[in-house]
Amino acid sequence: MFERPRVGERAVLVQLDVGSPSEPDRLEEFRLLADAAGAEVMAELGGSRSVPDPRLYIGVGKADELKQLVDAAGAELALFNHALSPGQERNLERLLQCRVVDRTGLILDIFAQRARSFEGKLQVELAQLRHLSTRLVRGWTHLERQKGGIGLRGPGETQLETDRRLLGNRIALLTRRLGRIESQRAQGRRARAKAELPVVSLVGYTNAGKSTLFNRLTQSGVLVADQLFATLDPTLRRLELPEGRILLADTVGFVSELPHELVAAFRATLEEARNASLLIHVVDAAAPQHARLMADVEMVLEEIGSGDIRRLEVWNKIDLLEGRGEARLDRDSEGLPARVWVSARTGQGMDLLVAALGELTGVAQVRRRLALGPAEGRSRAWLYDHATILSDEPLETGGWDLDLMLDPADLERLVARDPALGPRLRVDS
Numbered sequence: 239m240f241e242r243p244r245v246g247e248r249a250v251l252v253q254l255d256v257g258s259p260s261e262p263d264r265l266e267e268f269r270l271l272a273d274a275a276g277a278e279v280m281a282e283l284g285g286s287r288s289v290p291d292p293r294l295y296i297g298v299g300k301a302d303e304l305k306q307l308v309d310a311a312g313a314e315l316a317l318f319n320h321a322l323s324p325g326q327e328r329n330l331e332r333l334l335q336c337r338v339v340d341r342t343g344l345i346l347d348i349f350a351q352r353a354r355s356f357e358g359k360l361q362v363e364l365a366q367l368r369h370l371s372t373r374l375v376r377g378w379t380h381l382e383r384q385k386g387g388i389g390l391r392g393p394g395e396t397q398l399e400t401d402r403r404l405l406g407n408r409i410a411l412l413t414r415r416l417g418r419i420e421s422q423r424a425q426g427r428r429a430r431a432k433a434e435l436p437v438v439s440l441v442g443y444t445n446a447g448k449s450t451l452f453n454r455l456t457q458s459g460v461l462v463a464d465q466l467f468a469t470l471d472p473t474l475r476r477l478e479l480p481e482g483r484i485l486l487a488d489t490v491g492f493v494s495e496l497p498h499e500l501v502a503a504f505r506a507t508l509e510e511a512r513n514a515s516l517l518i519h520v521v522d523a524a525a526p527q528h529a530r531l532m533a534d535v536e537m538v539l540e541e542i543g544s545g546d547i548r549r550l551e552v553w554n555k556i557d558l559l560e561g562r563g564e565a566r567l568d569r570d571s572e573g574l575p576a577r578v579w580v581s582a583r584t585g586q587g588m589d590l591l592v593a594a595l596g597e598l599t600g601v602a603q604v605r606r607r608l609a610l611g612p613a614e615g616r617s618r619a620w621l622y623d624h625a626t627i628l629s630d631e632p633l634e635t636g637g638w639d640l641d642l643m644l645d646p647a648d649l650e651r652l653v654a655r656d657p658a659l660g661p662r663l664r665v666d667s
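Reading the sequence shown from the start, the letters are residues 239 to 667 in the numbering used here.
This is how it looks when you write it as structure tokens:
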């Protein structure tokens with residue numbers, strides 16, 4: 239049995255066109271994934287097949303060619319841009335005498351390196367264990383050996399059964415822990431809903447520039463790097479618009495063929511996208527394959543239940559377009575903002591984006607000051623439920639002086655409830 243080494247970053251990349259030619263950018267994206275995982279690419283192997291080989295996926299001839307490449311390059315692992323079955327992975331490792339990692343395993347490894355928060359680490363571990371659980375049946379023959387020895391002979395429990403039981407216990411524990419974290423997130427969302435602050439989530443393909451845009455809008459210090467999955471953990475910041483304020487959420491980037499284990503494990507994180515009032519779909523305008531990337535993002539959004547939420551497309555990186563693209567705002571047939579062309583790196587088009595956010599989130603709030611008497615506690619309570627209270631100062635004569643922001647419709651309702659408050663509402667100069 240081939241013993242897997244604990245280290246090894248010198249890699250050979252393998253990608254076959256199965257059934258039909260693959261997109262020309264698929265191999266380049268795979269190179270970026272390998273680079274993000276820290277692999278040193280020594281060689282690449284391509285080819286085509288009508289259907290995958292059930293034993294080796296790539297067939298006997300290609301497997302022998304791959305063996306020669308691995309030996310010649312001194313590679314320590316083979317990275318496949320495909321999903322391999324446990325049996326195929328085992329057979330390839332026996333033949334190549336090196337580690338074999340498929341696309342799912344590679345993405346899981348990147349996530350394991352990038353997770354920083356406690357929640358992120360739990361999510362990655364849960365995804366890895368769910369992936370490993372599919373590898374216990376046929377992946378490794380040593381797991382089928384019976385425990386034995388003096389005092390331990392008898393029917394007993396195979397190592398495979400022991401590992402499966404321990405794995406199930408760990409998955410159940412992580413699921414409970416993430417459930418508690420999700421309950422805390424739900425409480426936070428209820429508090430934000432009570433404050434009536436619209437939540438806008440940034441979504442998009444990984445490396446489209448979401449974190450750069452987030453930093454540009456909120457002056458935050460979220461990590462920005464020209465690599466796939468630079469940031470995993472969600473970040474929320476308050477964004478002040480000319481008409482009011484919203485909450486902006488930066489979420490994990492998507493990628494084609496995102497492993498189902500990751501989608502399930504990161505469902506709590508992606509709740510910010512599921513519960514947003516508006517999604518900003520960030521698109522790399524300079525990417526030649528942007529149509530496919532957008533379709534991949536939409537597929538994941540449908541999978542997590544965000545398909546019906548209004549979108550605002552933000553076409554980023556216009557500074558990289560040939561001839562330098564110009565910032566502009568495109569509207570749909572109803573006259574609402576549909577697409578904004580910006581450069582988060584240079585700041586082009588940020589004013590158009592801010593204006594579009596204010597229009598689509600309905601935060602065109604007005605700011606007023608109001609002095610309430612000691613007997614007007616009900617009006618004060620109503621304002622706390624329907625307005626954003628910026629300050630609440632007690633008056634020497636009793637009562638309160640409120641500095642508040644609220645929607646024009648709520649301002650009308652306030653005056654309709656108590657017409658005497660109308661003349662007392664004032665605008666600070």
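Glycine residues also receive a C-beta, built at the ideal position from the N, C-alpha and C atoms.
Because the structure is a prediction, the values reported are computed rather than measured.
When the Cα atoms are used, L608 and L663 turn out to be separated by approximately 5 Å. As the crow flies, the alpha-carbon of H369 is around 54 Å from that of L649. Using a Cβ-Cβ distance cut-off of 8 Å, the region 520-527 and the region 441-450 are in contact, since at least three pairs of beta carbons, one from each stretch, lie closer than that value.
Excluding the 5 residues flanking it on each side, R408 has same chain C-beta neighbours closer than 7 Å at L367, in chain order. Assigned with DSSP and collapsed to three states, E560 falls in coil, not helix or strand. T473 has its alpha-carbon roughly 13 Å from the corresponding atom of E357.
Judged by DSSP secondary structure, R269 falls outside any beta strand (DSSP E) and instead within the alpha helix (DSSP H) spanning 264-275.
Judged by DSSP in its simplified three-state form, E540 adopts helix. Spatial neighbours of A625 in its own chain (CB-CB distance under 7 Å, excluding positions within 5 residues in sequence) are listed in chain order as L642, M643, L644, D648. In the structure shown, I518 adopts extended strand secondary structure according to DSSP, grouped into three states. The Cβ neighbour count for T489, taken over all protein chains shown within 10 Å, is at least 16; the residue is labelled buried.
Annotation: L621 to L610 spans about 11 Å, alpha carbon to alpha carbon. In the structure shown, D568 adopts extended strand secondary structure according to DSSP, grouped into three states. Secondary structure at E478: strand, using DSSP grouped into helix, strand and coil. Relative to the Cα of T400, the nearest Cα in the group A619, S371, V256, S421 belongs to S371.
Between the C-alpha atoms of Y443 and A511 there is a straight-line separation of about 14 Å.
Of all C-beta pairs linking the region 249-256 to the region 274-288, three or more are shorter than 8 Å, placing the two stretches in contact. Excluding five sequence positions before and after D263, the CB atoms of its chain that fall closer than 6 Å to its own CB belong to Q527, given in chain order.
Distances from the CA of A582 to each of V338, S458, K555 were compared; the closest alpha carbon is that of K555. For E261, the secondary structure class from DSSP, reduced to helix, strand or coil, is coil. Taking one beta carbon from each stretch, the region 333-346 and the region 297-308 have 3 or more pairs nearer than 8 Å; the two touch. Judged by DSSP secondary structure, G636 falls outside any alpha helix (DSSP H); it is assigned neither H nor E. Around the CB of P292, fewer than 16 other CB atoms lie within 10 Å, so the residue is classed as exposed.
When V339, G312, A313 are compared, the shortest CA-CA separation from G325 is found for V339. As computed with DSSP, V578 is found in a beta bridge with V552, L567. Closest by C-alpha distance to K359, out of A311, E331, I419, is I419. If you draw a straight line from the Cα of E631 to the Cα of S617, it is about 15 Å long. Distances from the CA of G563 to each of V578, S571, P436, E261 were compared; the closest alpha carbon is that of V578. In this structure, the alpha-carbon of A350 lies about 31 Å from that of G297.
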